[in-house]
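In my numbering, the protein residues as written are 2 to 490. Glycine included, every Cβ here is placed at the ideal spot set by N, Cα and C. These numbers were taken from a predicted model, which means no experiment stands behind them. To start, the structure under review is shown below, and the notes come after it.
Shown next as structure tokens:
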């Protein structure tokens with residue numbers, strides 16, 4: 002390796018990575034992008050309410066205005082977990098992307114908030130602003146993890162390499178008021194899974210290479226000292242992944258796509274396609290296919306043992322939504338397919354489907370249709386075998402835009418047939434977007450999402466729904482230390 006032209010910190014980091022050694026916080030800091038310019042950006046401050054970030058991506062020359070847009074406090078699905086229920090505390094802790102109050106396409110600034118819903122009192126406290134990200138980009142939204150001792154960890158992402166990423170830890174168990182900064186680095190699309198059996202973190206994340214997204218993992222006993230990142234996949238022009246941990250086990254599964262360099266009308270992430278699946282039960286040391294066959298990483302070819310379905314041959318885009326597990330531990334994938342990335346009918350139909358591993362093969366079943374690629378929902382498989390989806394599958398006030406009216410769907414025959422159990426929102430002013438399920442979701446706080454116009458910058462409220470389909474709006478402005486969310490009729 003010719004290091005003569007490299008800065009010293011890059012030489013150190015390259016040598017550490019090449020030797021497979023643990024990367025310390027100091028090494029992380031040396032490799033990180035420039036820190037925020039203002040000294041209070043990383044100072045925790047108590048907020049006065051729950052107001053989400055509005056975000057848009059890629060303007061288009063049609064009445065839909067943007068490739069996708071809206072209230073994106075709980076965006077994207079590649080960030081998980083964002084909410085965790087802790088039974089011993091009777092609280093659902095959650096993070097969200099908040100607004101600084103300057104609602105516009107480019108002047109607002111993303112703030113990372115952490116809070117909880119107290120199931121015993123039915124109240125929320127004032128959220129704590131952990132940091133100000135100096136961007137309006139909701140790709141920088143935070144994720145949450147909680148260790149066996151009750152310490153909370155917030156992983157603050159970056160969209161690409163131009164901004165820093167952070168890991169914070171609460172100073173006390175189950176307490177959101179005081180925090181310490183553990184790591185400054187650069188990583189994207191954060192998926193930090195705390196493994197309860199081996200008591201360590203498995204961190205699935207994305208690193209950018211020449212502008213392309215590569216899937217990686219690393220592990221840590223304390224979220225402070227980490228192993229070097231290990232590449233999972235970089236297929237053609239890159240990949241997106243979603244993941245899930247099975248219950249209170251160390252089993253973590255990931256489903257991912259590819260960004261093609263051929264075979265579609267265009268190349269790159271706007272023509273994402275195919276479905277791949279891998280899992281690990283030992284914190285990333287080994288990965289296997291769904292039927293337990295070991296896989297040699299990294300995956301760099303489109304035709305590989307992890308391939309679930311070749312949607313490129315069907316000339317379809319794939320948007321991965323969620324993963325859940327049947328009672329016998331078999332994974333079920335929820336996803337959407339379409340003809341292209343543009344909003345509107347030219348890319349339709351926007352079909353939702355499930356792929357269930359039967360133990361011997363993948364079984365594909367249609368679910369429903371909606372009107373946008375980025376209509377995101379969550380899949381639940383409950384202890385009695387009931388399948389539930391909460392998603393904005395009904396058209397909203399901004400028809401053809403991201404999100405819509407939130408619906409609750411049920412299936413009692415493993416996705417063969419579905420019925421609408423409840424219309425969760427109706428006659429809304431703005432579209433509702435990105436319904437996300439908490440880890441170990443309690444019936445009293447079963448999904449969390451936000452709203453916002455799909456055609457112009459607007460204020461954004463946050464909502465949650467109970468398992469029975471009651472919807473509550475979190476208070477946008479608070480004058481007391483705690484408040485009860487407002488029931489939405």
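| Check | Outcome |
| --- | --- |
| Could you tell me whether the segment 397-416 touches the segment 88-104, using the rule of 3 or more Cβ pairs below 8 Å? | no |
| Classify residue 360: buried if its beta carbon has 16 or more other beta carbons within 10 angstroms, exposed otherwise. | exposed |
| Given this structure, state the Cα-to-Cα distance separating residue 25 from residue 138, to the nearest angstrom. | The predicted position of residue 25 is uncertain, since its pLDDT is 43 and thus under 50; a value taken from the coordinates is nonetheless stated next. Residue 25 and residue 138: Cα-Cα distance of roughly 28 Å. |
| Distance, Cα to Cα, residue 472 vs residue 303? | 42 Å |
| Please classify residue 384 as buried or exposed, where buried requires at least 16 neighbouring CB atoms within 10 angstroms. | exposed |
| Give me the residue from 44, 50, 352, 280 with the minimum Cα distance to residue 480. | 50 |
| Relative to the alpha-carbon of residue 442, which residue among 248, 161, 154 has its alpha-carbon at the smallest distance? | 248 |
| What is the DSSP secondary structure of residue 266, reduced to helix, strand or coil? | coil |
| Just to confirm the assignment, what range does the beta strand (DSSP E) spanning residue 241 have? | Residue 241 -> no beta strand (DSSP E), and no H or E assigned at all. |
| Helix, strand or coil for residue 427 per DSSP? | coil |
| Using only the alpha-carbon positions, how far apart do residue 351 and residue 345 sit? | 10 Å |
| Counting contacts by CB-CB distance shorter than 8 Å, is residue 303 in contact with chain B? | Judged by its chain identifiers, the structure shown contains no chain B, having just a single protein chain. |
| Cα separation between residue 163 and residue 490? | 43 Å |
| Which residue from 112, 126, 147 puts its Cα closest to that of residue 132? | 112 |
| Using a Cβ-Cβ cut-off of 8 Å (strictly less than) and excluding sequence neighbours within five positions of residue 244, which residues of its own chain qualify? | 81, 192, 194, 205, 253, 254, 255, 256, 324 |
| Have a look at residue 413 and residue 295 and give me their C-alpha separation to the nearest angstrom. | 34 Å |
| Looking only at C-alpha atoms, which of 79, 318, 251 sits nearest to residue 275? | 318 |
| What is the DSSP secondary structure of residue 261, reduced to helix, strand or coil? | coil |
| Whole angstroms is fine: what's the gap from residue 106's alpha carbon to residue 297's? | 44 Å |
| Can you name the start and end residues of the beta strand (DSSP E) that residue 51 belongs to? | Taken as a continuous stretch (DSSP letters only), residue 51 belongs to no beta strand (DSSP E), as it is neither H nor E. |
| In chain order, what are the residue ranges of uninterrupted beta strand (DSSP E) at least 3 long that sit wholly in the segment 179-236? | 180-186, 189-196, 201-210, 213-221, 231-234 |
| Starting from residue 169, follow its DSSP beta bridges and name the residues at the other end. | 155, 182 |
| Given residue 333, which residues of its chain have a CB within under 6 Å of its CB, disregarding the five upstream and five downstream residues? | 325, 355, 357 |
| Pull up the distance between the alpha-carbon of residue 130 and that of residue 460, whole angstroms please. | 18 Å |
| Measure from the alpha carbon of residue 261 to the alpha carbon of each residue in 238, 250, 279, 280, then state which is nearest. | 238 |
| Roughly how many whole angstroms lie between the Cα atoms of residue 482 and residue 231? | 44 Å |
| Beta-carbon separation of residue 453 and residue 431 under 8 Å? | yes |
| Sort out for me which residues DSSP pairs residue 387 with in a bridge. | According to DSSP, which records beta bridges pairwise, residue 387 is partnered with nothing at all. |
| Rounded to the nearest angstrom, how far is the Cβ of residue 433 from that of residue 397, given a contact under 8 Å? | 7 Å |
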